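In the numbering used here, the protein residues as written are 10 to 257.
We put the beta carbon where it would ideally sit given N, CA and C, even for glycine.
Since we're looking at a predicted model, the values are computed, not measured.
Report on one structure; see the data block that follows.
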């Protein structure tokens, strides 16, 4: 079974209402998402190819692709593999359900298969606390500042002692011995941001998804449309690899 998840909205209104600077660093002069020059023309080509192969494509209005993927991971039975170059999806990893991320930051041939142990070794935190870690650390690519002055090391320390934002704030207010006075001050100073950080950082997992047949497409009697697109866009080996992967 296979589904391609796309953006319904790269900057959902409900996140922007909470934090107007959400992804504002990516807005161009015309108010649209700033994309690399070579990326935008590839998107409609990709949609044509997926459609020709009969692969399900899902995007939901006012939700990001991350939210759609997370909701599929919540709804469907495991095993599940989420193929992405976005580390935000690490928060969805669940060993009990066999949900893993095929992480493409280093390319397809050198991908990482991310489970809870991988997250723990990479960031020195409990593997199921990546979202909490990201709330405190921040994410410049999304315009999220995190809690000022804490950074990756401070965020990792917090995650090793506390499971969620509420407990972190309670601990800071109570001068918890595992928190230094300096860290306590930064946490308390950052309470306004921490009040909205879970909604900004955590993927929505309750997106209303269409009921689709996600089964791998069967080989059509006529591949002429696919071969025509292959020739039109000069996709040679890429199309051949897709056909081989589908065992057509």
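Can you tell me where the beta strand (DSSP E) holding residue i begins and where it ends?
i: residue 101; result: From DSSP, residue 101 is part of no beta strand (DSSP E); its letter is neither H nor E.
i: residue 109; result: 108–112
How long is the line joining the alpha carbons of residue i and residue j, rounded to whole angstroms?
i: residue 130; j: residue 143; result: 16 Å
i: residue 195; j: residue 28; result: 20 Å
i: residue 169; j: residue 81; result: 29 Å
i: residue 67; j: residue 185; result: 45 Å
i: residue 155; j: residue 103; result: 24 Å
i: residue 209; j: residue 188; result: 25 Å
i: residue 84; j: residue 220; result: 11 Å
i: residue 63; j: residue 14; result: 14 Å
i: residue 116; j: residue 123; result: 14 Å
i: residue 36; j: residue 127; result: 33 Å
Residues in its own chain within less than 7 Å of residue i by CB, not counting five upstream and five downstream?
i: residue 225; result: 10, 11, 255
i: residue 100; result: 139, 140, 211, 212
i: residue 30; result: 152
i: residue 98; result: 75, 78, 91, 110
i: residue 34; result: 152
So for residue i, helix, strand or coil by DSSP?
i: residue 168; result: helix
i: residue 177; result: helix
i: residue 246; result: helix
i: residue 82; result: helix
i: residue 122; result: strand
i: residue 96; result: helix
i: residue 90; result: strand
i: residue 42; result: strand
i: residue 48; result: coil
i: residue 58; result: helix
i: residue 232; result: coil
i: residue 36; result: strand
Figure out for me which residue from the options has the closest Cα to the Cα of residue i.
i: residue 109; options: 118, 189, 116, 93; result: 93
i: residue 159; options: 173, 84, 126, 198; result: 198
i: residue 171; options: 17, 43, 52, 134; result: 134
i: residue 87; options: 69, 106, 73; result: 106
i: residue 176; options: 43, 193, 162; result: 193
Could you spell out the range, first to last residue, of the alpha helix (DSSP H) harbouring residue i?
i: residue 70; result: Where residue 70 is concerned, there is no enclosing alpha helix (DSSP H), given that its DSSP letter is neither H nor E.
i: residue 12; result: It is not in any alpha helix (DSSP H) - residue 12 instead sits in the beta strand (DSSP E) that spans 12–14.
i: residue 198; result: 190–198
Once you ignore the five residues that flank residue i on each side, which residues in its own chain have a CB closer than 8 Å to its CB?
i: residue 22; result: 71
i: residue 95; result: 75
Once the 5 residues before and after residue i are set aside, which same chain residues still bring their CB inside 6 Å of it?
i: residue 54; result: 242
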